[in-house]
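Protein sequence lines, in the order shown, are assigned to chains A, B and C. The first sequence begins at 40 in our numbering and counts up one residue at a time. The second sequence begins at 4 in our numbering and counts up one residue at a time. The third sequence begins at 101 in our numbering and counts up one residue at a time. Even glycine gets a Cβ: it sits at the ideal position worked out from N, Cα and C. For clarity, every value in this text was computed on a predicted model and none was experimentally measured. See below for the structure under consideration.
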Amino acid sequence: MIIEIWTKEKYAASEDAGFIGRMAHAGLKVKAARLSRLYRVEGEFSRAEFERLGKELLTDPITEKYSLSQWKPGLKSAWRVEVWLKDSVTDVVGESVKGAIADVLGREPKTVRFGRAYYAACESEPKLKHAVVKTLVNEIVNKFKIEKI
Amino acid sequence: MNDTLSRFTSLPAKELEALDKAAGWSLNALELAEAQRQFRKMGRQPARGELETIAQTWSEHCKHKTFSGPVVFKDGSKVKKYKNLFKETIVKATKTLNRKWCLSVFTDNAGIVEFGKDGKWGLAFKAETHNHPCAVEPYGGAETGVGGVIRDILGVGLGAKPVLNTDTFCFGRLDSKKKLPKNAHSPERIMRGVVEGVRDYGNRIGIPTAAGGLYFDEGYLLNPLVYVGCAGLIPVDKIDKKVIPGDLIVSIGGRTGRDGIHGATFSSANIDEDTSASAVQIGHAVNEKKALDVLMRARDLGLYNAVTDCGAGGFSSAIGELGSETGARVRLDRALLKDTRIEPWEIWVSESQERMILSVPKNKLKKLAAILDAESCEYCVMGEFPGDGRLLVTHKDETVVDLPMEFLHGGVPNFEKQARRRKIRINSAPPALPSEKYGQILKDLLAHPNVCSRHSVITQYDHEVQGGTVGKPLQGRYGDGPGDAAVIWPQAATLDQTDFSGFGVSHGFNPAIGKIDPYQMALHSIDEAVRNLLCAGADVSRTAILDNFCAASPKDPEVMGDLVLAAEGCLDGAIAYGAPFISGKDSFYNQSRDAEGREYPIPLSLLISATAPVEDVRKALTINFKEAGNPVYLAGLNARGMGGSVYNELNDSGNNAVAPLDMGAAVKLYTGLAKAIKAGCVAAAHDVSQGGLAVTLAEMAFSGGLGAELDLAPAAREKKLTALELLFGESPARLVFEVVKGKETEFLRLVKGLPVSEIGYVSEEPVLSVQDGSVPLFREDLAGLKACWRRELI
Amino acid sequence: MKKPKAIILRGTATNCDIETFNSFKYVGAEPELVHINQLLSGGRKVLDYDIMAFPGGFSYGDDISAGKIYAVKMKKLAADFEKFIKGRRPVIGICNGFQILVKTGFLPQNRANAQVSTLYTNDCGHFIAKWARLKVNKKSPCIFTKGLPDEIELPIAHGEGKFIVEDKKELAAITAGNLHALTYCENPNGSMLDIAGVTNPAGTCFGLMPHPERNFFAWQNPDRPAAARETEAAGFQFFKNAVEYTR
Numbered sequence: 040m041i042i043e044i045w046t047k048e049k050y051a052a053s054e055d056a057g058f059i060g061r062m063a064h065a066g067l068k069v070k071a072a073r074l075s076r077l078y079r080v081e082g083e084f085s086r087a088e089f090e091r092l093g094k095e096l097l098t099d100p101i102t103e104k105y106s107l108s109q110w111k112p113g114l115k116s117a118w119r120v121e122v123w124l125k126d127s128v129t130d131v132v133g134e135s136v137k138g139a140i141a142d143v144l145g146r147e148p149k150t151v152r153f154g155r156a157y158y159a160a161c162e163s164e165p166k167l168k169h170a171v172v173k174t175l176v177n178e179i180v181n182k183f184k185i186e187k188i
Numbered sequence: 004m005n006d007t008l009s010r011f012t013s014l015p016a017k018e019l020e021a022l023d024k025a026a027g028w029s030l031n032a033l034e035l036a037e038a039q040r041q042f043r044k045m046g047r048q049p050a051r052g053e054l055e056t057i058a059q060t061w062s063e064h065c066k067h068k069t070f071s072g073p074v075v076f077k078d079g080s081k082v083k084k085y086k087n088l089f090k091e092t093i094v095k096a097t098k099t100l101n102r103k104w105c106l107s108v109f110t111d112n113a114g115i116v117e118f119g120k121d122g123k124w125g126l127a128f129k130a131e132t133h134n135h136p137c138a139v140e141p142y143g144g145a146e147t148g149v150g151g152v153i154r155d156i157l158g159v160g161l162g163a164k165p166v167l168n169t170d171t172f173c174f175g176r177l178d179s180k181k182k183l184p185k186n187a188h189s190p191e192r193i194m195r196g197v198v199e200g201v202r203d204y205g206n207r208i209g210i211p212t213a214a215g216g217l218y219f220d221e222g223y224l225l226n227p228l229v230y231v232g233c234a235g236l237i238p239v240d241k242i243d244k245k246v247i248p249g250d251l252i253v254s255i256g257g258r259t260g261r262d263g264i265h266g267a268t269f270s271s272a273n274i275d276e277d278t279s280a281s282a283v284q285i286g287h288a289v290n291e292k293k294a295l296d297v298l299m300r301a302r303d304l305g306l307y308n309a310v311t312d313c314g315a316g317g318f319s320s321a322i323g324e325l326g327s328e329t330g331a332r333v334r335l336d337r338a339l340l341k342d343t344r345i346e347p348w349e350i351w352v353s354e355s356q357e358r359m360i361l362s363v364p365k366n367k368l369k370k371l372a373a374i375l376d377a378e379s380c381e382y383c384v385m386g387e388f389p390g391d392g393r394l395l396v397t398h399k400d401e402t403v404v405d406l407p408m409e410f411l412h413g414g415v416p417n418f419e420k421q422a423r424r425r426k427i428r429i430n431s432a433p434p435a436l437p438s439e440k441y442g443q444i445l446k447d448l449l450a451h452p453n454v455c456s457r458h459s460v461i462t463q464y465d466h467e468v469q470g471g472t473v474g475k476p477l478q479g480r481y482g483d484g485p486g487d488a489a490v491i492w493p494q495a496a497t498l499d500q501t502d503f504s505g506f507g508v509s510h511g512f513n514p515a516i517g518k519i520d521p522y523q524m525a526l527h528s529i530d531e532a533v534r535n536l537l538c539a540g541a542d543v544s545r546t547a548i549l550d551n552f553c554a555a556s557p558k559d560p561e562v563m564g565d566l567v568l569a570a571e572g573c574l575d576g577a578i579a580y581g582a583p584f585i586s587g588k589d590s591f592y593n594q595s596r597d598a599e600g601r602e603y604p605i606p607l608s609l610l611i612s613a614t615a616p617v618e619d620v621r622k623a624l625t626i627n628f629k630e631a632g633n634p635v636y637l638a639g640l641n642a643r644g645m646g647g648s649v650y651n652e653l654n655d656s657g658n659n660a661v662a663p664l665d666m667g668a669a670v671k672l673y674t675g676l677a678k679a680i681k682a683g684c685v686a687a688a689h690d691v692s693q694g695g696l697a698v699t700l701a702e703m704a705f706s707g708g709l710g711a712e713l714d715l716a717p718a719a720r721e722k723k724l725t726a727l728e729l730l731f732g733e734s735p736a737r738l739v740f741e742v743v744k745g746k747e748t749e750f751l752r753l754v755k756g757l758p759v760s761e762i763g764y765v766s767e768e769p770v771l772s773v774q775d776g777s778v779p780l781f782r783e784d785l786a787g788l789k790a791c792w793r794r795e796l797i
Numbered sequence: 101m102k103k104p105k106a107i108i109l110r111g112t113a114t115n116c117d118i119e120t121f122n123s124f125k126y127v128g129a130e131p132e133l134v135h136i137n138q139l140l141s142g143g144r145k146v147l148d149y150d151i152m153a154f155p156g157g158f159s160y161g162d163d164i165s166a167g168k169i170y171a172v173k174m175k176k177l178a179a180d181f182e183k184f185i186k187g188r189r190p191v192i193g194i195c196n197g198f199q200i201l202v203k204t205g206f207l208p209q210n211r212a213n214a215q216v217s218t219l220y221t222n223d224c225g226h227f228i229a230k231w232a233r234l235k236v237n238k239k240s241p242c243i244f245t246k247g248l249p250d251e252i253e254l255p256i257a258h259g260e261g262k263f264i265v266e267d268k269k270e271l272a273a274i275t276a277g278n279l280h281a282l283t284y285c286e287n288p289n290g291s292m293l294d295i296a297g298v299t300n301p302a303g304t305c306f307g308l309m310p311h312p313e314r315n316f317f318a319w320q321n322p323d324r325p326a327a328a329r330e331t332e333a334a335g336f337q338f339f340k341n342a343v344e345y346t347r
């Protein structure tokens with residue numbers, strides 16, 4: 040199960056601008072962007088329990104929202120870049136969250152991996168991919184995929 | 004590979020080489036032949052784990068073969084031979100000085116000097132580099148670099164409590180136009196990653212990152228340098244450690260995984276396109292903090308007899324080192340693993356981060372386990388130290404290593420390296436007249452990346468955690484002036500708020516001089532580090548220093564020649580300043596192929612890190628002008644030469660002579676000035692370094708929001724010194740002081756006979772005005788100067 | 101006089117605990133460092149103490165968000181904490197401690213342990229450590245800020261310090277009750293109403309992003325020796341007030 044968390048639009052301006060700036064630095068003009076955080080939780084939990092994790096643990100109730108299915112940020116002609124650490128690389132955040140899930144649900148999941156998604160409205164996929172590799176991910180430690188939304 | 008291993012002792016050289024390459028050991032032909040000879044002597048074939056152990060133990064990273072090997076140095080027709088370059092320079096200085104306040108030098112994970120008044124505490128200090136990992140994965144590389152040097156402090160003696168992190172980085176210029184090879188990151192990306200890595204690790208673990216520096220040069224474009232340092236406090240009765248036969252081998256902290264195979268051998272190899280991903284790791288500050296919290300509690304309760312960190316070579320090095328006399332029985336199946344898909348030999352050599360090895364008496368294990376559990380810190384008992392000198396490593400029924408310890412720690416084959424003095428043409432003619440006005444040149448220099456403000460980096464570090472950063476990296480009236488040295492009041496380690504003992508930490512670094520004269524570079528760097536400490540009010544007669552050399556390939560005789568000259572400079576400088584080396588490290592092969600396929604080496608880079616006691620932190624000095632009307636003094640001789648200056652980089656003056664350091668005069672000068680500082684005569688002090696005197700004056704002025712009316716005519720100077728050299732030359736051993744108005748007479752009495760001259764006074768008007776006798780040099784308002792200097796680097 | 105007992109709460113990878121311990125010791129309290137595992141196992145009870153402090157720094161690496169995992173761990177002990185706060189024993193949360201108090205819902209007002217405000221990522225997007233000038237709200241019921249001058253300096257060091265309250269009524273309650281005891285002169289993180297520190301209506305439970313333990317003595321100020329003439333600095337008063345309140 041992947042739980043996706045994003046910042047409500049009214050609090051997301053600086054985070055979005057930071058991403059757009061970083062892409063501009065790599066030579067890509069991004070017209071609009073939204074960001075989210077992904078927690079891939081593997082374990083024998085019910086949907087209600089996953090909901091509880093989203094609500095009580097992983098989301099800031101004031102500034103953030105979550106979804107158990109892929110978020111639709113409402114950007115036009117945009118791509119979604121999903122970035123994870125490779126499975127062979129220790130995921131520090133994932134480990135912390137694993138322990139915290141046990142505190143909330145009373146039992147530990149098998150694995151937790153932390154990732155990020157970037158939604159970018161921009162010209163073309165090849166250019167986006169170029170910028171992503173240049174500034175956002177390091178293929179030595181990261182894996183990523185780009186899809187049209 | 005198993006097939007090849009079963010014929011190991013009879014493999015021809017070519018096949019040995021192929022085996023080495025396939026296994027990723029980075030052993031050279033001589034070493035492979037030696038390993039072959041040893042197993043032939045034993046009359047059997049090696050196990051993979053045994054060759055892995057040898058590769059780790061004999062690696063450049065662990066054994067420092069280049070620096071501590073034999074060298075023949077040719078300087079024209081003169082030839083000098085060294086049996087062990089390191090011992091005959093760096094170590095010789097320390098032995099000659101034989102300071103009784105040096106409590107532990109060159110033997111443990113860090114050097115230790117006495118700290119404080121009553122002889123209860125020692126100060127451990129260590130710096131190392133993490134260059135290759137940062138080039139490949141800047142964020143993770145920087146994190147694990149910081150984590151590694153902190154573990155050195157945790158693993159010195161029976162464990163010191165870290166109270167300060169230091170970081171010095173060298174990157175290619177951010178505005179570099181040079182084409183990069185395919186897999187290289189841009190300097191901007193490397194810098195951002197490294198800064199974020201240091202930030203996230205240092206801040207999470209709660210150690211202030213409060214000293215260091217940033218240096219930009221095209222030579223670092225493909226090979227950034229990341230120097231990480233750590234200082235910690237240790238009770239003097241916890242410095243000695245000794246494994247007692249029968250002790251248990253306990254690993255605490257992180258788990259072992261495949262994410263750290265061959266880091267030690269990797270650091271000795273050139274980076275190329277097929278760099279192995281497993282050599283790169285991400286740091287886990289939380290695990291290291293758990294280990295830290297456990298160790299400090301367990302140490303004070305005396306629950307273990309020895310400790311060391313798992314660094315390069317992982318268990319093989321750490322357990323091998325602790326058990327070098329007793330031997331060790333290790334059961335790898337007891338190790339806590341991140342991932343079960345791992346070979347036994349991989350567990351043995353994995354360099355997974357955040358692990359410490361303890362030697363624990365059997366009857367204390369229960370108490371130790373209780374602390375580990377209370378701090379949620381994982382651990383495993385991996386075996387014991389038996390006392391028979393045999394290293395036996397098993398995984399269930401499989402024997403992974405079975406060797407006598409003396410085989411590993413005995414003679415590593417070493418061969419003589421050729422060194423030759425580089426030919427540099429020196430032009431000592433007067434520098435060309437500048438095309439711009441002095442005021443504009445000053446502004447250009449203030450905006451230069453090697454001079455401008457570092458606030459955008461420093462403010463990302465929690466440089467005041469532990470509440471003891473009394474001398475701050477950002478200081479002055481607005482909390483943004485560039486401090487010369489960190490002054491640390493380690494209340495979070497001593498728990499004593501009535502003891503005001505502290506220590507200063509500073510650096511000296513100048514590869515631009517090294518390109519012209521590596522010997523002078525070493526002297527200038529030691530001088531700069533000492534001067535910085537003096538400016539913070541430290542007792543420089545008790546300075547201890549660390550050497551960290553980074554160089555390109557030692558196969559190049561000119562690279563080795565640079566190293567020899569700089570090492571000789573270290574010897575002479577340390578002795579003249581009475582400042583022993585207490586620890587050091589070196590890193591070679593910092594060169595890569597550029598986009599055109601040509602070798603691209605770094606310039607020889609020597610970081611001198613220095614520490615000295617500050618008797619009363621409440622009296623530590625800062626750089627900013629404090630009060631209008633106070634007189635301003637310039638100390639030291641203004642010498643000729645623009646070599647290695649920032650000015651020359653901006654606008655080559657044609658003159659590339661490096662002003663030689665007069666060590667005797669400098670030491671005499673600092674002794675006098677130290678007395679004046681102790682007597683409370685000095686309100687502010689700042690050294691003259693990169694950018695020259697004009698930059699020093701500007702920084703003192705805008706950090707205090709006060710101007711100055713200055714006339715340099717009385718300043719001590721070499722004959723035929725030009726105004727350009729006076730303002731922007733970087734001759735060593737010079738400082739600027741603001742003297743307390745009512746204490747001028749006493750100040751003059753204490754510096755009598757020394758080259759110290761009054762050059763004007765601090766003024767209310769926020770303008771820096773400088774003339775030389777009847778010649779006006781520049782008059783600039785502070786806001787304009789500060790605006791140029793205060794650049795956002797990141 | 102009997103020394104008030106101060107519990108300094110730790111967790112995995114808490115930092116700033118020792119300097120906070122030192123600060124309480126200096127002002128005459130008897131501080132003790134207690135790991136939350138000791139509370140969860142019943143080895144220590146918060147109600148045995150007179151003062152409570154959540155130190156600054158990080159806890160559990162601040163993964164997910166700052167203070168969140170610590171706040172989750174506290175849930176099982178919520179009743180004891182509530183009793184402590186309702187009994188008007190002084191509680192201070194510094195930086196990470198403030199984040200914990202906000203995320204457990206104990207600040208600004210305890211609305212049935214529901215979180216009504218948050219401390220979110222700074223507008224600049226990253227961690228920032230520098231000195232900040234602060235205005236002291238003289239009308240605030242906060243016991244920790246009593247006797248301070250109108251304006252003080254303290255260092256900040258945080259990545260998530262932007263104080264946000266979504267509900268307009270809650271925000272109005274803060275201003276009406278003068279719960280915003282400390283505000284920034286130059287807002288460094290985008291906090292609503294420039295808020296740097298918030299108290300509960302009783303004035304006894306207080307959280308702030310700046311670090312009073314780092315400007316406890318005059319020589320901890322970046323502007324020296326001009327400032328080093330006096331021994332104690334602004335931060336001292338926060339701790340002193342807590343101890344005096346218990347007497």
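For residue i, which residues in the same chain have their Cβ closer than 7 Å to its Cβ, ignoring the five residues on either side in sequence?
i, result
"B/E749", "A682, C684"
Just to confirm my understanding: we take residue i, look at its own chain, exclude 5 residues before and 5 after, and list those with CB closer than 8 Å. What are they?
i, result
"B/G392", "E328, T329, G330, P407, M408, E409"
Within a Cβ cutoff of 6 Å, which residues of the same chain sit near residue i, ignoring the five residues on either side of it in sequence?
i, result
"B/K341", "R258, G260"
Indicate whether residue i and residue j have their beta-carbon atoms separated by less than 8 Å.
i, j, result
"C/P322", "B/L477", "yes"
Assign residue i to one of three DSSP states: helix, strand, or coil.
i, result
"B/C105", "strand"
"B/G205", "helix"
"B/I461", "helix"
"B/Q478", "strand"
Taking contact to mean 3 or more Cβ pairs, one atom from each stretch, closer than 8 Å, check whether the region 577 to 585 of chain B and the region 489 to 506 of chain B are in contact.
no
Chain-ordered residues of the region 474 to 485 of chain B with a beta carbon less than 7 Å from chain C
K475, L477, Q478, G479, R480, G482
Please identify, using Cβ separations under 9 Å, the residues of the region 378 to 394 of chain B that lie next to chain C, in order along the chain.
E378, S379, C380
Select from the region 169 to 180 of chain A all residues with a C-beta closer than 7 Å to any C-beta belonging to chain B, and list them in chain order.
T174, N177, I179, V180
Would you call the region 125 to 132 of chain C and the region 334 to 345 of chain C touching, i.e. three or more CB-CB distances under 8 Å?
yes
Could you name the residues of the region 176 to 208 of chain B whose beta carbon sits closer than 9 Å to any beta carbon of chain C, in the order they occur along the chain?
E199, R202, D203, N206, R207, I208
Check distances from the C-beta atoms of the region 540 to 558 of chain B to those of chain A and list, in chain order, the residues that come in under 7 Å.
none
Select from the region 156 to 170 of chain C all residues with a C-beta closer than 9 Å to any C-beta belonging to chain B, and list them in chain order.
G156, G157, F158, Y160, G161, D162, D163
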